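Trainee: For the sequence shown, my numbering assigns the number 1 to the initial residue and increments by one for each residue that follows. The structure follows.
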Amino acid sequence: NEYQTTNQLRLKSGVYTRMKSNGDFESQFNLAKGFNFKLVLSPEKGVFWVQVGHQNYHLYSLLRALGVDDQTMTSSWGEELFTKNSKLADGGASELINMAETLTHARPANEVEAQKALRTYFKGTVIDPETSEITLGKAFDSVQADTWLAASKKLLAVQRGDEPPDERD
Numbered sequence: 001n002e003y004q005t006t007n008q009l010r011l012k013s014g015v016y017t018r019m020k021s022n023g024d025f026e027s028q029f030n031l032a033k034g035f036n037f038k039l040v041l042s043p044e045k046g047v048f049w050v051q052v053g054h055q056n057y058h059l060y061s062l063l064r065a066l067g068v069d070d071q072t073m074t075s076s077w078g079e080e081l082f083t084k085n086s087k088l089a090d091g092g093a094s095e096l097i098n099m100a101e102t103l104t105h106a107r108p109a110n111e112v113e114a115q116k117a118l119r120t121y122f123k124g125t126v127i128d129p130e131t132s133e134i135t136l137g138k139a140f141d142s143v144q145a146d147t148w149l150a151a152s153k154k155l156l157a158v159q160r161g162d163e164p165p166d167e168r169d
């Protein structure tokens, strides 16, 4: 049988938070420009992961590369969650280099170049500010450090039951 559709619905660019069937919580970053990725929080481990394709990277490492200090992360996540994430994110330079290579398809020579590549990449991303205002409570037009922090706060609020998951439909 042959089928034809007159309209096809697409998910607007933005950040959508939900609970997965395995009990983990994730924020899906659906970008208008750039690679899509996910921010995942495992309730048992209490660790934030940035999932790009099939690779997982620590959010703590990424936020440090984007210039976020420990005090800002502590105030967003709480002392206990910050401590878990900072202790487990020991990948350091190799993790940042691998993340930059995954996103930019060019391998940086060292950690400083990887940080520059990641900052440049995320400045070039585009999301819909109207959608991010609805889902995150603040309008973002690209994925920057503030966007990551807002998404991680929303993920924590959904996990605690303080906020409902986003309705993607």
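Backbone N, C-alpha and C define an ideal beta-carbon position, used for all residues, glycine too. In this text, all values refer to a predicted model and were calculated from it rather than measured experimentally.
Give a yes or no on whether the C-beta atoms belonging to residue 147 and residue 17 are separated by under 8 angstroms.
Mentor: Result no, Cβ atoms of residue 147 and residue 17 do not sit closer than 8 angstroms.
Trainee: Starting from residue 41, trace the beta strand (DSSP E) both ways and give me its first and last residue.
Mentor: 37-42
Trainee: Output the distance between the C-alpha atoms of residue 58 and residue 152, rounded to the nearest integer angstrom.
Mentor: 12 angstroms
Trainee: From residue 98 to residue 125, what distance separates their C-alpha atoms?
Mentor: 19 angstroms
Trainee: Cutting at 7 angstroms between CB atoms, please list the residues of its own chain near residue 37, excluding the five before and the five after it.
Mentor: 29, 50, 51, 52
Trainee: Look up residue 131 in the DSSP assignment and say whether it is helix, strand or coil.
Mentor: Helix at residue 131.
Trainee: Provide the residue span of the beta strand (DSSP E) that contains residue 18, from first to last.
Mentor: Going by DSSP, residue 18 is part of the beta strand (DSSP E) stretching over 14-19.
Trainee: Which full runs of the beta strand (DSSP E) of 3+ residues lie inside the region 29-86, going along the chain?
Mentor: 37-42, 47-52, 55-58
Trainee: Secondary structure at residue 122, three-state DSSP: helix, strand or coil?
Mentor: In the structure shown, residue 122 adopts helical secondary structure according to DSSP, grouped into three states.
Trainee: If I measure Cβ to Cβ from residue 115 and keep anything under 7 angstroms in the same chain, skipping five residues before and after, which residues do I get?
Mentor: 65, 96
Trainee: I need the boundaries of the alpha helix (DSSP H) containing residue 158, first residue and last residue.
Mentor: Segment 145-160, the alpha helix (DSSP H) holding residue 158.
Trainee: Excluding the 5 residues flanking residue 14 on each side, which residues of the same chain have their C-beta closer than 7 angstroms to its C-beta?
Mentor: Only 30, 127, 128, 131, 132, 135 meet the Cβ criterion.
Trainee: Taking 8 angstroms as the cut-off, decide whether the C-beta atoms of residue 121 and residue 104 are in contact.
Mentor: yes
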